[in-house]
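Colleague:
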Amino acid sequence: MQTSSDRHEYPAHWEADVVLRDGGTARVRPITVDDAERLVSFYEQVSDESKYYRFFAPYPRLSAKDVHRFTHHDFVDRVGLAATIGGEFIATVRYDRIGAGGTPATAPADEAEVAFLVQDAHQGRGVASALLEHIAAVARERGIRRFAAEVLPANTKMIKVFMDAGYTQKRSFEDGVVRLEFGLEPTDRSLAVQYGREQRAEARSVQRLLQPGSVAVVGTGRAPGGVGRSILDNIRDAGYTGRLYAVNRAFPEEQKTLDGVPACRSVRDIDGPVDLAVVTVPAAHVPDVVTECGEHGVQGLVVISAGYADSGPEGRERQRALVRQARTYGMRIIGPNAFGIVNTSPDVRLNASLAPEMPRPGRIGLFAQSGAIGIALLSRLHRRGGGVTGHTGVSTFVSSGNRADVSGNDVLQYWYDDPDTDVALMYLESIGNPRKFTRLARRTAAAKPLVVVQGARHGGVAPQGHAVRATRLPHATVSALLRQAGVIRVDTITELVDAGLLLARQPLPTGPRVAILGNSESLGLLTYDACLSEGLRPQPPLDLTTAASADDFHAALARALADDTCDAVVVTAIPTVGEGAAGDAALAEALRSAAAAVPTKPVLVVHVELGGLAEALSAATSTAPQAVPAPTTAPTAPGTAAQAAPGAPSDAAAGSAAETAPGAPSKAAPSSPVRGAAGAAPHAIHGGAAGASASPPPSPSVVPAPAPAGAHLIPAYPAAERAVRALGEAVAYAQWRREAADPGKVPEYEDIDEKGAAEQIAGLLARGQGLTLGDRETCDLLGRYGVHVHRALPAPTPDDAAAAARTLGYPVALKATAPHLRHRADLGGVRLDLADEEQLRRAYAELTELFGRPAELRPVVQGMAPRGVDTVVRAVIDPAAGAVLSFGLAGAATQLLGDMAHRLIPVTDRDATSLIRSIRTAPLLFGWRGSAPVDSAALEELLLRVSRLVDDHPEVVAVTLEPVVVAPHGLSVLGASVRLAPPPARDDLGPRTMPAY
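In this note's numbering, the protein residues as written are 321 to 1317.
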């Protein structure tokens, strides 16, 4: 038994759950004296070859001495970690601190020898790579800077683990053994390797949930109705391609099927593997189901059951226990309290959700934390799915509920390289790990658009059921940081769908120049005004008059697209009297054919109550309208709105046609005609939440034939402002994509004294846990990073003020620095340009007469700085979002308007340039109304230096420079404050872990 003399306290913070390469999970934890039997059992299951590679000799079993050595650690100089599944070891890693000669040593020796052993059945799952990340983090925490490992040349797998880790390495060969030495400080390459492994592992874990080969619905009712039975029916009716099972312990033993689906009393009774279990039993029975699933080898769970964190503190603890139990078996969870998941791929066709109909297949990925919002999203995409060459549908849909395990971050990892998803739409009510989300969003947005609407953004608290860290940052700041990462941030579900449809159908615009054409002068002018409001550069609208024909629209659109001064085109259209569906189809084909000739520029349509055109826009002809017999009964199928989610208006109700999704069982009459290239129906576009009324159905005698495959879809909108808002988001996103290709660099400054600043900070923090520095300490610390604060001398009496002025030299400023007057020049607490002692004493008397005694005012004297624009620079470390740099103009007006811009630290030179230009009052810095432009280069350099200070020293948790007077040449920092505290934990720099429970 270890005693207190040979061990430290058990380091519980080293425990972590990790996602492995194949998408399964394992738990990493320190090895203790209680693990002797587990270690022996583990070793017995390792092959002789693996044992030989570990010990360089035949080593069939561990001796008692070996077991003691491998289970007794002091957690400083000798550390062992184990990866476990189901409580049993699947791999181990240990380090022993060594001295210069390779002999056992203690601190301050900073090198250790490391060795791994992985069970053969779990080799190739990335277990050793994950353990290396964790043991390296432990070693760094214990003052170890280098690892050494000796490996037999034939052990190529382990050599690859070390070589691929991305650390700076030295390799040698001596006495038939490969010796590897590598530093443990994270490098750009090691972080890139870690993030790459994280992406592949988490994407695979979501893939296993969305592409299961077999599904069991646990809690399926014997009678129709109920949650479990509904989900079973939805999976079956969608045409799921895998094996489906119904599970209910109440089934009679003789019952073998339920509506043609194999029925079992327990998951254990299923003959064959089960990849996914959909759990719908009451929360009290879920633990038993999880045990059955884990013992049967189920890979993942979708827990529909409620009664967890959504129900209060008791439920929150029940939720924690659920996650811990599932991870014990290596399973991931969507939910609890989830709405379900959908995958429309023809190879899967999975509708394991409460949505009664399978969404149409398409290229849009949907993620919603709310089931109600999930229903709304699916319904609106269904109703708004029409386009010139077909429909826009869903690739995958995930409703995470309480998102106790699988979160939006995991789904982003999946979508990043999912070939079936072109656009990602997300509804988020909370962001559990903003640092990671921002990092993943930036990478995803560089490959495909990511549109996000955030609910509960003004409530200040996360919805019940969401266990997340709180952020102190205002919502506007969080939104700005998301936009910096390339996220398209919108405010409503309607805007989410509007932007998503445009991005899924049209190319990105190359600039903000917009051509407007149509047959309504008034609608054109509304579109023009909307473009100006969105910061676009519209050309004067081209009015084709109400007499315009389809050929006129074609010619005008072709000319606009061919114009090099046009980046996008908005077409406005009002009904043509008397032409009906044939005219609508002709107009739709005219627009499609003109747009197809120039596929590099986006085209949008604004229509007003055009039921026929909206129908035609969903399946424009490539030649001319084709007459087909009118169906006697409109067919419906999974994915149409004939059985839309509760409360969502359906296309069938509005009179639009609907039909069977590809490969789905048809509920239509056998004689019903099928239309569309992919067998999917055109759908009228309604106003959705905007309140536009349903469009009338087209004439059943004229139905457009399918358009050529591969052409861009043209989205249609019921209001000009909605179309233009979506276009504005696309323009901004396209600009971000161009800039992201060259993100800039963090410049190096030779005059920065990083080591001296670190020593000063360490000395100051030795006084206590957190403190605000005094003026002299603030000036000293900032000065080490080239930020020089204008000297200010205290003036507790008029004589002291006069002496200070003589020291600084006239002219001077006299300022009150009391908290209620600081930075409030509007209150009269500042006197400027005092040219001599007489003026100074008079100003001193005025201030004390107005505001009280000097002890209350805390007056200071400061030399006058060159005239310029007063600005403010702030940096803060938020516990959830990380380090943030903010900039704005100083003064009450900016505070009232909230006119501050924000960037994540570290800031690059391009970030600094865009930061000072992002505020609404930026024209004041660049010569507004004839004023002299300020020295923007000096201002950008100041921002970069503050960013470096906070990035280099996370103990600097807050910096404020106010005011910073930026003149035409140079700048002056007139006030500064710095706060120090022990650095908050950085969960984005350590080894890969899952959220703790």
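Just so it is clear, CB atoms sit at the ideal spot from N, CA and C, and this is done for glycine as well. Source: prediction; values computed, not measured.
Three or more beta-carbon pairs under 8 angstroms between the segment 1133-1152 and the segment 1170-1184, yes or no?
Modeller: yes
Colleague: Taking just the CA atoms, how far does ASN722 sit from GLU637?
Modeller: For the purposes of this step, residue 637 is identified with residue 317 of the sequence shown, where counting begins at 1. For the purposes of this step, residue 722 is identified with residue 402 of the sequence shown, where counting begins at 1. Near 13 angstroms, if we compare the C-alpha coordinates of ASN722 and GLU637.
Colleague: Any idea what DSSP makes of GLU494, helix, strand or coil?
Modeller: The count along the sequence shown starts at 1 and reaches residue 494 at position 174. Note: GLU494 maps to strand in three-state DSSP.
Colleague: Cα separation between ASP1190 and ALA1232?
Modeller: Within the sequence shown, the letter at position 870 stands for residue 1190. Within the sequence shown, the letter at position 912 stands for residue 1232. Using only the alpha carbons, I get a separation of about 17 angstroms.
Colleague: Would you kindly work out how many angstroms separate the C-alpha atoms of VAL387 and ALA457, rounded to a whole number?
Modeller: Taking the sequence shown and counting its residues from 1, one reaches residue 387 at position 67. Taking the sequence shown and counting its residues from 1, one reaches residue 457 at position 137. Cα-Cα distance, rounded: 25 angstroms.
Colleague: Give the range of the beta strand (DSSP E) segment to which PHE757 is assigned.
Modeller: Taking the first residue of the sequence shown as position 1, residue 757 is located at position 437. No beta strand (DSSP E) holds PHE757; the alpha helix (DSSP H) holding it covers 754-765.
Colleague: Run through DSSP, which three-state label would MET483 get?
Modeller: The residue you call residue 483 lines up with position 163 of the sequence shown. Looking at MET483 - three-state DSSP - the assignment turns out to be helix.
Colleague: With a Cβ-Cβ cutoff of 7 angstroms, do VAL643 and SER625 count as a contact?
Modeller: By 1-based counting over the sequence shown, the position of residue 643 is 323. By 1-based counting over the sequence shown, the position of residue 625 is 305. Taking 7 angstroms as the Cβ cut-off, VAL643 and SER625 do not qualify as a contacting pair.
Colleague: Kindly give me the distance between the Cβ atoms of VAL471 and LEU500, rounded to whole angstroms, as I take these residues to be in contact under 8 angstroms.
Modeller: The residue labelled residue 471 in the question sits at position 151 within the sequence shown. The residue labelled residue 500 in the question sits at position 180 within the sequence shown. That pair is a contact at about 7 angstroms.
Colleague: Just the C-alpha distance for THR1168 and VAL1150, rounded to the nearest angstrom, thanks.
Modeller: On the sequence shown, position 848 is the one that residue 1168 refers to. On the sequence shown, position 830 is the one that residue 1150 refers to. If I take the Cα positions, the gap works out to 12 angstroms.
Colleague: Within a Cβ cutoff of 6 angstroms, which residues of the same chain sit near GLU1059, ignoring the five residues on either side of it in sequence?
Modeller: Working through the sequence shown from its first residue, we reach residue 1059 at position 739. Excluding sequence neighbours, GLU1059 sits near nothing in its chain.
Colleague: Would VAL447 be called buried (16 or more neighbouring beta carbons within 10 Å of its own) or exposed?
Modeller: Position 127 of the sequence shown, counted from the first residue, corresponds to residue 447. When all chains shown are included, VAL447 counts as buried.
Colleague: Between the C-alpha atoms of ALA1339 and LEU1033, what's the straight-line distance to the nearest angstrom?
Modeller: Given a span of 321 to 1317 for the chain in the structure shown, any question on residue 1339 remains unanswerable.
Colleague: Is it buried or exposed, GLN689, if we count other Cβ atoms within 10 angstroms and call 16 or more buried?
Modeller: For the purposes of this step, residue 689 is taken as residue 369 along the sequence shown, with counting starting at 1. Looking at its Cβ environment, which holds 16 or more other Cβ atoms inside 10 Å, GLN689 is buried.
Colleague: Starting from ILE1197, trace the beta strand (DSSP E) both ways and give me its first and last residue.
Modeller: Taking the first residue of the sequence shown as 1, we reach residue 1197 at position 877. 1189-1198 is the extent of the beta strand (DSSP E) around ILE1197.
Colleague: Distance check for GLY752 and ALA332, CA to CA, integer angstroms please.
Modeller: Taking the sequence shown and counting its residues from 1, the one referred to as residue 332 is at position 12. Taking the sequence shown and counting its residues from 1, the one referred to as residue 752 is at position 432. Roughly 22 angstroms between the two C-alpha positions.
Colleague: Measuring straight from C-alpha to C-alpha, what distance separates GLY407 and THR648?
Modeller: Taking the sequence shown and counting its residues from 1, one reaches residue 407 at position 87. Taking the sequence shown and counting its residues from 1, one reaches residue 648 at position 328. The alpha-carbon atoms of GLY407 and THR648 are separated by roughly 7 angstroms.
Colleague: GLY1129 by DSSP, collapsed to three states: which one?
Modeller: Start at 1 with the first residue of the sequence shown, and residue 1129 comes out as number 809. GLY1129 carries a coil assignment under DSSP once its states are collapsed to helix, strand and coil.
Colleague: Kindly say whether CYS1099, judged by its beta-carbon, lies nearer than 7 angstroms to any beta-carbon of chain C.
Modeller: No chain C appears in the structure shown, which is made up of a single protein chain.
Colleague: When you compare the segment 1087-1107 with the segment 1059-1077, are there three or more beta-carbon pairs, one atom per stretch, that lie closer than 8 angstroms?
Modeller: As far as the Cβ criterion goes, the segment 1087-1107 touches the segment 1059-1077, which means the pair count is three or higher.
Colleague: Quick check for students: name the residue ranges of the alpha helix (DSSP H) that lie wholly in the segment 384-464, counting only runs of 4 or more.
Modeller: 384-391 and 447-461
Colleague: Below 8 angstroms on the Cβ atoms is my guess for GLU749 versus ARG1045; work out the distance and round it to an integer in Å.
Modeller: As a position in the sequence shown, residue 749 is number 429, starting the count at 1. As a position in the sequence shown, residue 1045 is number 725, starting the count at 1. Actually they do not touch by this definition, with Cβ atoms about 23 angstroms apart.
Colleague: Roughly how many whole angstroms lie between the Cα atoms of ARG1057 and LEU1291?
Modeller: Indexing the sequence shown from 1 puts residue 1057 at position 737. Indexing the sequence shown from 1 puts residue 1291 at position 971. If you take the alpha carbons of ARG1057 and LEU1291, they lie about 33 angstroms apart.
Colleague: Is it buried or exposed for PHE1207, if we count other Cβ within 10 angstroms and need 16 for buried?
Modeller: As a working note, residue 1207 is residue 887 in the sequence shown. Buried is the call here.
Colleague: In chain order, what residues of the same chain lie with their CB nearer than 6 angstroms to the CB of HIS442, ignoring the 5 residues before and after it?
Modeller: In the sequence shown, residue 442 corresponds to position 122, counting from 1. Here the set comprises ILE410.
Colleague: Can you tell me which of the three DSSP states GLN645 falls into?
Modeller: For this step, residue 645 is matched to residue 325 along the sequence shown. Residue state, collapsed to three classes: helix.
Colleague: Which residues in the same chain have their Cβ closer than 8 angstroms to the Cβ of ARG569, if we skip the five residues on either side of it in sequence?
Modeller: Here the question's residue 569 lines up with position 249 in the sequence shown. Answer for ARG569: ARG585 and SER586, listed in chain order.
Colleague: Can you name the start and end residues of the alpha helix (DSSP H) that CYS584 belongs to?
Modeller: As a first step, residue 584 must be located in the sequence shown, where it is residue number 264. It is not in any alpha helix (DSSP H) - CYS584 instead sits in the beta strand (DSSP E) that spans 581-584.
Colleague: Nearest to ARG374 by alpha carbon, out of ILE479, ARG556, PRO832 and LEU340?
Modeller: Walking along the sequence shown from the start, residue 374 turns up at place 54. Ranking ILE479, ARG556, PRO832 and LEU340 by Cα distance to ARG374 puts ILE479 first.
Colleague: With DSSP as the reference, label ARG879 as helix, strand or coil.
Modeller: The residue given as residue 879 occupies position 559 in the sequence shown. Three-state DSSP puts ARG879 in a helix.
Colleague: Whose CA, out of ASP725, THR847 and ILE894, lies closest to the CA of ALA888?
Modeller: Position 568 of the sequence shown holds residue 888. Out of ASP725, THR847 and ILE894, THR847 has the C-alpha closest to the C-alpha of ALA888.
Colleague: Below 8 angstroms on the Cβ atoms is my contact criterion, and I expect THR758 with SER840 to pass it. Report the Cβ-Cβ distance as a whole number of Å.
Modeller: Within the sequence shown, numbered from 1, the residue matching residue 758 stands at position 438. Within the sequence shown, numbered from 1, the residue matching residue 840 stands at position 520. Not confirmed; about 43 angstroms, so no contact.
Colleague: Determine, using beta carbons only, whether ARG347 and ASP337 come nearer to each other than 7 angstroms.
Modeller: The sequence position of residue 347 within the sequence shown is 27, counting from 1. The sequence position of residue 337 within the sequence shown is 17, counting from 1. Cβ distance < 7 angstroms, so ARG347 and ASP337 count as in contact.
Colleague: Considering just the uninterrupted stretch of the beta strand (DSSP E) at ILE808, what are its terminal residues?
Modeller: The residue you call residue 808 lines up with position 488 of the sequence shown. ILE808 -> beta strand (DSSP E) spans 808-810.
Colleague: Can you tell me where the alpha helix (DSSP H) holding THR1054 begins and where it ends?
Modeller: In the sequence shown, residue 1054 corresponds to position 734, counting from 1. Sequence check: residue 1054 is Ala here, not Thr. Unbroken alpha helix (DSSP H) run through ALA1054: 1040-1060.
Colleague: With 16 other CB atoms within 10 Å as the buried threshold, where does LYS921 fall?
Modeller: For the purposes of this step, residue 921 is taken as the residue at position 601 of the sequence shown. Label assigned to LYS921: buried.
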